[in-house]
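Residue numbers (our numbering): 518 to 660.
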């Protein structure tokens, strides 16, 4: 019969070995993007994304056009977010400050397109093909 301490150690080890709910580099063959947090930043809002490149090639530059929807469901603005370089098999955190838009004014963020997706060996459309999105916030996020 196993002791409680042994059982607790085994359960803890299993939890550590299980995949994190956050985006990981093993999430899939494309790019995985998680809207991880929204936080007040001055008079505006800071968006935090966790991005994993599951492609077989480095992305030298990834720029996405996103649409921000207000609480009435209308497009508040279109903007581009420069995620910079995304090394293959790696996870990166990127933050963007919206200087004049409060976090509580955003109900949804839509990834509209990849306006730039550069890197040696990348197929056309690689940054949008198999793009996986999720939100760890109350704000809907997708493509």
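Note that CB positions come from ideal geometry on N, CA and C, so glycine has one too. None of these values were measured; they are calculated from a predicted model.
### Task
Starting from residue 561, follow its DSSP beta bridges and name the residues at the other end.
558
### Query
To the nearest angstrom, how far is it from the Cα of residue 648 to the Cα of residue 566?
14 Å
### Query
Are the region 600–609 and the region 650–660 touching, with three or more C-beta to C-beta distances below 8 Å?
no
### Task
Please classify residue 637: is it buried, with 16 or more other beta-carbons within 10 angstroms of its beta-carbon, or exposed?
exposed
### Message
What does the alpha-carbon distance come out to for the pair residue 542 and residue 576?
### Response
Interpretation of residue 542 is limited by its pLDDT of 43, a score under 50 that renders its predicted location unreliable; the figure taken from the coordinates is listed afterwards. Taking the straight line from one Cα to the other gives about 14 Å.
### Task
Count the other C-beta atoms from every protein chain shown that fall within 10 angstroms of the C-beta of residue 595, then say buried if there are 16 or more, exposed otherwise.
exposed
### Task
Can you grab the Cα-Cα spacing for the pair residue 574 / residue 635, in whole Å?
10 Å
### Message
Taking 7 Å as the limit between beta carbons, can you name the residues of its chain near residue 582, skipping five residues before and five after?
### Response
595, 597, 629, 630 and 632
### Query
Which residues mark the beginning and the end of the beta strand (DSSP E) in which residue 614 is found?
608–615
### Task
Kindly give me the distance between the Cβ atoms of residue 615 and residue 561, rounded to whole angstroms, as I take these residues to be in contact under 8 Å.
5 Å
### Beta carbon of residue 657 nearer than 8 Å to that of residue 625
yes
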